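Participant:
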Amino acid sequence: MKYLVSEIFHSVQGEGNYAGANSLFIRFQICNLTCKWCDSKYTWNRKSGIFKEYSDSELKQIIKDSNAHNVIFTGGEPALYNLDRLVVKGRMYHVESNGSIDPLKPYSAVLSDGIRVSRYPMREAVIKQFNWVISPKLKNAGVDYYDSCFRIWLQKRYAVFKFVVQTPGDLDEIHALAGKFRLRPHRIFVGIEGTTLQSQLRSDLVEEIVKRGWNFSPRLHVILWENTRRH
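Quick note, the working numbering runs 293 ahead of the 1-based positions in the sequence shown.
1) Hey, out of I427, Y439 and V364, whose CA is closest to G313's CA?
2) Note down the Cα distance separating A469 from S348, rounded to an integer number of angstroms.
3) So, do the region 507–522 and the region 480–494 have three or more beta carbon pairs nearer to each other than 8 Å?
4) Just to confirm, is the Cβ distance from S401 to Y438 under 8 Å?
5) At which residues does the beta strand (DSSP E) containing H387 begin and terminate?
6) Please classify V419: does DSSP put it in a helix, a strand, or coil?
7) May I ask you to verify whether the region 419–435 touches the region 315–331, counting CB pairs closer than 8 Å and requiring at least 3?
8) Measuring alpha carbon to alpha carbon, tell me which residue in I301, G407, F443 and T460 is nearest N391.
9) What do you get for V503, buried or exposed, if any count of 16 or more other CB atoms within 10 angstroms of its CB means buried?
10) Between which residues of its own chain and E501 is the CB-CB distance below 8 Å, once the five residues before and five after are set aside?
11) From S350 to L379, what does the alpha carbon distance come to, in whole angstroms?
12) Out of F423, N520 and H362, which has the shortest C-alpha to C-alpha gap to K526?
13) Round the Cβ separation of S341 and R320 to the nearest angstrom and send it over; I've been treating them as touching at under 8 Å.
14) So for G368, helix, strand or coil by DSSP?
15) Under 8 Å by Cβ, that's how I've got I301 and I355 pegged, so tell me the actual separation to the nearest angstrom.
16) For the beta strand (DSSP E) that G484 lies in, which residues bound it at each end?
17) On the three-state DSSP scale, how would you describe E500?
18) Would you kindly work out how many angstroms separate the C-alpha atoms of I373 and L490, rounded to a whole number?
19) Tell me whether P478 is buried or exposed, calling it buried when 16 or more other Cβ atoms sit within 10 Å of its Cβ.
20) Apply the 10 Å Cβ neighbour rule to H387 and answer buried if 16 or more other Cβ atoms are within range, or exposed otherwise.
21) Would you give the residue range spanned by the beta strand (DSSP E) that E346 belongs to?
22) For K455, name the three-state secondary structure that DSSP assigns.
23) DSSP on N310, reduced to helix/strand/coil?
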């Protein structure tokens, strides 16, 4: 299959359970959702931004040539692609996904701009070695797919769940979801929505996150570079 890639760059992982890790980022073009506060809308479809087509062998060579131990597949929505074909030995792989697509099942759909995407099921023996960071979108994103997301991911122990919040009410929403789906606190990572340094300085939210027994996920890329794209 062809992989549509928006950008490839070397930086530090900004959030989640590997925040600060030296990483190679591969950002895929195309997403199956259109979240209101998305900070990478240029990856949504073929017309939303510039991208390049790669083969699996070309991407594997780029990974081989990088000195980064961690490889981050992000997007867009990386689960639209056969990530299991991009593995180079000796690297740690991470996937930043919205959680709406089951990687173990074939996928085929026509997305919002009319583009058809399809892939084969990914091999679980390969992708269970990945660190999957699943980011279910709260009501503030304008989408709702909780039931299907947790049905897909809750029993996959190689996944953690990352939420982005704006208000204390968003924390209550996470609390309700955790109770409904019996999501253990150690699998929950919570970051603060925003694209400026000032937006991240919310000690009130951080204190409440810790009080509830969850992990705080600093958004280092926002703190350091705000909304500047990394290349």
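Glycine included, C-beta positions come from ideal geometry on N, C-alpha and C. Because the structure is a prediction, the values reported are computed rather than measured.
Facilitator: Once the coordinates are examined:
1) V364
2) 42 Å
3) yes
4) no
5) M385 to S390
6) helix
7) yes
8) F443
9) exposed
10) P461 and L464
11) 8 Å
12) Since the first residue shown for the chain is 294 and the last is 524, residue 526 is missing from the structure and cannot be characterised.
13) Not a contact, Cβ separation roughly 13 Å.
14) coil
15) 6 Å
16) I481 to I485
17) helix
18) In the sequence under discussion, the amino acid at residue 373 is Leu, which differs from the Ile named in the question. Going from the Cα of L373 to the Cα of L490 covers about 32 Å.
19) exposed
20) buried
21) K345 to Y347
22) strand
23) helix
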